[in-house]
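The next block holds one structure in the form of structure tokens; read it before the comments.
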Ligand SMILES: [Zn+2]
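Residue numbers (the numbering used here): 543 to 891.
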């Protein structure tokens with residue numbers, strides 16, 4: 543999809559700062575090497591006079607550039623490299639699998655590379671990630687009536703106390719309390735604008751944010767408190783549908799989402815978020831218009847704040863609210879992304 547590029551000085555600054563909010567907005571071709579890179583590539587910092595900017599990888603290819611081997615600009619950012627995919631498939635199919643360094647080597651993998659990838663993508667060790675998955679699955683079983691002791695041994699633990707310790711460390715409560723507690727599984731979903739973090743409960747999607755958005759940790763904390771649940775990596779059936787509908791949205795084939803949403807918040811926040819959902823695809827409103835719409839014409843600032851507190855980007859289209867003078871103003875995921883989403887929608891409207 544074509545979208546106009548910001549001016550070259552802005553782009554070069556973004557490149558120098560390796561600003562991840564420009565991911566998907568541009569790629570940079572390096573004239574001296576014939577290679578093109580993402581804005582965040584660690585490989586090189588070319589001089590200003592040696593670069594040209596393109597709005598997409600395909601455009602760079604059309605100009606004869608080759609994709610950089612280090613930042614792989616033809617793939618979605620955060621996409622697992624080919625060598626890691628069989629391992630991820632294996633974990634997804636059987637999260638209870640035990641995999642130590644020897645097992646990894648038997649699969650032809652270098653354990654330190656595996657660790658590095660998990661640390662970078664998920665902010666935790668590979669073993670920590672596996673433990674989270676195991677505990678998440680154990681939690682689901684106990685919640686649905688399975689006995690704690692059976693679940694412990696089925697989850698591959700040698701002792702009940704070992705299981706209880708591990709469970710507590712991950713979930714922050716003991717396994718026997720699973721009936722009246724909750725965990726929120728989260729996963730990464732790759733989009734053309736960079737990876738997003740999605741969270742779900744059985745009732746629906748409760749989180750969708752760009753992983754590099756400012757205040758993501760605060761958002762996660764608040765969500766956990768609101769739902770009295772801990773956020774852990776894991777799987778949920780809602781993710782498949784979300785993944786599919788986001789892909790359709792980014793290719794211009796979907797204008798509305800029909801996935802159940804979970805939106806805990808104050809009555810005022812809920813009103814504001816419902817107001818956001820009423821803005822049609824491809825349209826924009828001002829904060830003032832939104833305040834009028836929900837019947838609180840004097841609460842413009844409070845409306846803006848509640849907009850910023852939206853935890854489900856894109857599906858609750860806070861990107862469709864702009865300043866009264868037509869300026870884009872704030873967006874948690876960064877203004878470039880807001881602009882991209884608005885241009886995407888106006889080109890498919
Ligand atoms: Zn590169």
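Glycine included, C-beta positions come from ideal geometry on N, C-alpha and C.
Evaluate contact between the segment 706-722 and the segment 590-600, counting only Cβ atoms and requiring at least three cross-stretch pairs below 8 Å.
no
Closer than 8 Å is the cut-off here; do at least three beta carbon pairs connect the segment 574-581 with the segment 747-757?
no
Residue 585 beta carbon near ligand 3 (any heavy atom closer than 7 Å)
For the structure depicted, ligand 3 is absent and the ligand set comprises only ligand 1.
Residue 612 Cβ short of 7 Å to ligand 1 heavy atom set
yes
Is the beta carbon of residue 728 closer than 8 Å to that of residue 773?
yes
Any chance the CB of residue 560 is under 7 Å from a heavy atom of ligand 1?
no
Using the Cβ count rule (16 or more neighbours within 10 Å means buried), how would you classify residue 809?
exposed
Rounded to whole angstroms, what's the CA-CA distance from residue 626 to residue 652? Just pull it up for me.
10 Å
Apart from the five residues on each side of it in sequence, which residues of its chain come closer than 7 Å, Cβ to Cβ, to residue 553?
547, 568, 595
Please tell me whether, using a cut-off of 7 Å, the distance from the CB of residue 579 to the nearest non-hydrogen atom of ligand 1 is below it.
yes
Classify residue 621 as helix, strand or coil using the three-state DSSP reduction.
coil
Would you say residue 792 and residue 734 are within 8 Å of each other, going by their C-beta atoms?
yes
Going along the chain, which residues of its own chain have a beta-carbon closer than 7 Å to the beta-carbon of residue 641, five neighbours each way excluded?
672
To the nearest angstrom, how far is the alpha carbon of residue 817 from that of residue 836?
6 Å
Quick check on DSSP: helix, strand or coil for residue 810?
helix
In chain order, what residues of the same chain have a beta carbon less than 7 Å from the beta carbon of residue 637, not counting five sequence neighbours either side?
675, 676, 679
Taking the straight line between their C-alpha atoms, what separation do you get for residue 840 and residue 883?
28 Å
Using 8 Å as the Cβ pair cut-off and three pairs as the minimum, do the segment 777-796 and the segment 739-750 touch?
yes
Which listed residue (854, 557, 621) has its alpha carbon closest to that of residue 587:
557
Let me know if residue 775 comes out buried or exposed under the rule of 16 or more other beta-carbons within 10 Å of its beta-carbon.
buried
Below 8 Å on the Cβ atoms is my contact criterion, and I expect residue 602 with residue 571 to pass it. Report the Cβ-Cβ distance as a whole number of Å.
5 Å
Please classify residue 727: does DSSP put it in a helix, a strand, or coil?
strand
Burial state of residue 562, where buried means 16 or more other Cβ atoms lie within 10 Å
buried
Own chain, CB closer than 6 Å to residue 718, minus 5 neighbours either side, in chain order
690
Which partner residues of residue 743 appear in the DSSP bridge assignment?
746
For residue 807, which option in 670, 824, 850 has the closest C-alpha, if you only look at C-alpha atoms?
850
Within 10 angstroms of the Cβ of residue 716, are there 16 or more other Cβ atoms? Answer buried if so, exposed if not.
exposed
Spatial neighbours of residue 828 within its chain, please: CB distance less than 6 Å, with the 5 preceding and 5 following residues excluded, ordered by chain position.
866
Measure the CB-CB distance between residue 746 and residue 801 and report whether it falls below 8 Å.
yes
State yes or no: is the C-beta of residue 854 within less than 8 Å of the C-beta of residue 788?
no
Anticipated Cβ contact below 8 Å, residue 826 with residue 862, distance rounded:
5 Å
Quick one: which unbroken alpha helix (DSSP H) runs of 4-plus residues sit fully inside the segment 775-805? Chain order, please.
779-792
With DSSP collapsed to three states, give me the class of residue 587.
coil
Using the C-alpha atoms, what's the distance from residue 660 back to residue 915?
Within the shown structure, residues of the chain are numbered from 543 to 891, placing residue 915 beyond reach of any answer.
Would you decide whether residue 778 is buried or exposed? Buried here means 16 or more other CB atoms lie within 10 Å of its CB.
buried
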